[in-house]
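Only one structure is covered here, and it is reproduced in the block below.
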Amino acid sequence: MLSLEEGFRTFTGGILEKILKRTTNRLWKSVSFGILTTTMMQSSSLVSVIAISFLGSGLIGLAQGIGIVFGANLGTTTGAWLVAGFGLKVKISAYAMPMLVFGVMLLFQKSRQLKGMGYVLLGLGFLFLGIYYMKEGFEAFKDTINLAEYAVPGYRGLFLFVLIGVVATVIMQSSHATLVLIITALAAQQITYENALALAIGANIGTTITAILGSLSSNEQGKRLAGAHLIFNAVTGLIAIILMQPLMQAVDIMSVYVGIGAKNYTLKLAVFHTFFNLIGILVMLPFVDRLVVFLERLIPKVPDHFAKPKYLNDSALEFSDTALEALRMETLHIYSKGTEIIAHGLLLKKHDIFSNKKLKHVINGRNTRGEYDVNDAYDHYIKSLYAALLQFISRMPSHSHVLPQVDNVRFCNQAIILTLKDVKHLQKNMLKFMVSTNPDIRKEYNQIRRRIAKVLRRLEKIREGEQSLLTHDALDSMLKKNNEFLHRRLDKMIRHGQITADMAISLMNDSNYAHNIIGNLIEINRRLILPDGQIKNGVEA
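Residue numbering for the sequence shown is 863 to 1403, as defined by this note's numbering.
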């Protein structure tokens, strides 16, 4: 199971995010995704941990994650069919050795994908070999010890063997491994059919422990998904226990219909395992929205601390896609906090800038506030977040295909820092001239504040998808024209004696700071949010 997990981890780079967006945008698609991935990986625990990683890094929503978990529970039943229908019918060890040989050969290749395939072949080879040895081991046991003599009938036996199934799965951290053990023991008549069914129910419940352990390092979203997994498997197990006799009768009817022999208990176990998981999905699917609301109340959102990373958690490091998305989302988090500092540095409030109020009224209404220490805010908040982000990057797997995206994230964070430093420089003269008796210089600095605030507002609307596309080059051209217009206006104001030469020099320098601030804000958004190197219409300097 470890080799299979390691193999499939190598295939989570690059294309996985695109597949997720297309295959989990509807609940039924999320369920299908869970079924297919678990069928391929033969590990519902791994799929659950993957889903928690995706959810914790913001790649999917809670409802989609719940759908994947539901599908994973049904997908894991294919393991029972594989072992009961194929593993016990043929000499499976004959297939195991070639897989192990080719797996080892591929493991020494340089290509990441070939290494991943090597791990998958090794995992399947060890799985097939394990099934063969367990089958042979129980056959040898049969001659000396008959475990079936310790069978416990009735509901007492049902609850006892459910508990044993839970404990066995918790110890092995794999319901699939427990099922293989159950089926091989059943085939060797070391356990009774009824006790085997109870063990299968216990294995289904016990597999949630892996998801719970995986969620401990995740954020509140990951913990909610682990809670959903526990609730679903517990409800499914309870339904199976209550409806044990009707389910066994349904299995007998279905077995006759599909041609499974009355004494073929291993395949009948696979039918039972499929039945009760399918019933659990049908019962729980209509209540997904209510389950989401319940879990959000049960595990509330952690208050957003200004200096605490929001998306950087250990579960996001499981896969390159989730790690990259966590980096992107955390950079947006830093950007959001940075815009708050920018707003305060301009003697404004962020919620006023992003409101529907006219910027002219916002600017004129807030021009007498005291000085805001941009440098102190950077040291206490942005610096600590950036340090946490760099620490997170140092812990990421060093795969070549993620390096360009990581460099892009670094660039954006450095641009945020440079922007805040420019705001600090701009603030020095702005505070001085905002209280000047000269109305013309006050007007010019209010215009600078308005330009930056307008860009912040337009970029926020871009993020919300409210504007049409405009190329980045066209926007740069617009900024350049605005600068040229400013220089002509300054010359005119000096000639007419409206401002002094010293005022003009300060204003030119501060206009350059404003130009850099606006350019950095646009570039950050272009790299983190906007598609195809384009930026949306209406952003003006």
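Every residue gets a Cβ at the ideal spot worked out from N, C-alpha and C, and that includes glycine.
Close Cβ partners of residue i (< 8 angstroms) along its chain, the five nearest in sequence each way excluded
| i | result |
| --- | --- |
| A925 | L889, S892, V1150, D1151, V1154 |
| G1068 | G1027, V1028, V1029, A1030, T1031, V1032, S1037, T1040 |
| K1199 | F1168, Y1243, I1244, L1247 |
| S865 | G965, Y981, V982, L984, G985, F988 |
| L1130 | First, the residue type needs correcting, since residue 1130 is Lys and not Leu in the sequence shown. Y1055, V1113, D1114, S1117, I1122. |
| I1101 | F1138, I1141, G1142, V1145 |
| Q1107 | none |
| L969 | K977, G980, Y981, L984 |
Contacting residues, own chain, Cβ-Cβ under 6 angstroms from residue i (five flanking each side not counted)
| i | result |
| --- | --- |
| A1088 | A1073, I1074, S1077 |
| G1084 | I914, L917, G918, S1077, S1177 |
| F1134 | L1059, V1113 |
| A958 | G987, F990, L991 |
| A1132 | A942, W943, A946 |
| H1091 | S910, V931, T1070, A1073 |
| T900 | S906, V909, A934, G937, T938 |
| F1094 | M1146 |
| T1281 | I1379, N1382 |
Residues near residue i in its chain [Cβ-Cβ closer than 7 angstroms; skip 5 each side]
| i | result |
| --- | --- |
| A1205 | K1211, K1212, I1215 |
| M1034 | T1040 |
| I1386 | Y1197, C1274, A1277, I1278 |
| R1304 | F1295, M1296, S1298 |
| L1194 | L1390 |
| I1356 | A1363, A1366 |
| F1259 | Correcting the residue type first, residue 1259 is Pro in the shown sequence and not Phe. Same-chain partners within the cutoff: S1182. |
| G920 | Y1173, E1187, M1191 |
| T940 | T901 |
| T1136 | T939 |
| L1352 | A1366, L1369, M1370 |
Assigned exposure category for residue i - 16 Cβ within 10 Å defines buried
| i | result |
| --- | --- |
| N1226 | exposed |
| P1171 | buried |
| M961 | buried |
| S1036 | buried |
| D1284 | buried |
| T1362 | exposed |
| Q1289 | buried |
| R1320 | buried |
| A1315 | buried |
| M967 | exposed |
| K1220 | exposed |
| A1249 | exposed |
| V1024 | buried |
| R1350 | exposed |
| Q1052 | buried |
| G927 | buried |
| R1257 | exposed |
| L1048 | buried |
Assigned secondary structure, residue i (DSSP; H/G/I helix, E/B strand, else coil)
| i | result |
| --- | --- |
| V931 | helix |
| G1016 | helix |
| H1213 | helix |
| S1368 | helix |
| R1159 | helix |
| F988 | helix |
| H1206 | helix |
| M936 | Per the sequence shown, residue 936 should be read as Leu rather than Met. Helix at L936. |
| N1175 | coil |
| Y1234 | coil |
| T1333 | Confidence in T1333 is poor, its pLDDT being 46 and thus under 50, which makes the residue's placement unreliable; the coordinate value appears in the next sentence. Strand at T1333. |
| G1381 | helix |
| H1358 | coil |
| L921 | coil |
| T900 | helix |
| N1387 | helix |
| N886 | Here residue 886 turns out to be Thr, not Asn, going by the sequence shown. Three-state result, T886: coil. |
| I1397 | Reliability fails at I1397, whose pLDDT of 36 lies under 50, so the model's placement of it is uncertain and no value is given. |
| S973 | coil |
| F1149 | helix |
| L916 | Here the sequence assigns Phe to residue 916, which means Leu is not the residue at that position. Helix at F916. |
| F1181 | coil |
| S865 | helix |
| N830 | Given that the chain is displayed from residue 863 to residue 1403, the structure contains no residue 830 and the question cannot be resolved. |
| K1219 | coil |
Closer than 8 angstroms to chain C by CB, residue i
| i | result |
| --- | --- |
| A1065 | Looking at the structure shown, chain C is missing, and only one protein chain is on hand. |
Exercise. What runs of the beta strand (DSSP E), each 3 residues or longer, lie entirely inside the segment 1257 to 1331?
Worked result: For the segment 1257 to 1331, not a single whole beta strand (DSSP E) run of length 3 or above is found.
Problem set entry | Sequence ranges, alpha helix (DSSP H) only - wholly within the segment 1021 to 1085, length at least 4 | As far as the segment 1021 to 1085 is concerned, its whole alpha helix (DSSP H) runs of at least 4 residues are 1037 to 1049, 1055 to 1068, 1070 to 1077.
Exercise. Could you give the uninterrupted runs of the alpha helix (DSSP H) lying entirely in the segment 1084 to 1143, keeping only those of 4 residues or more?
Worked result: The qualifying runs are 1106 to 1120.
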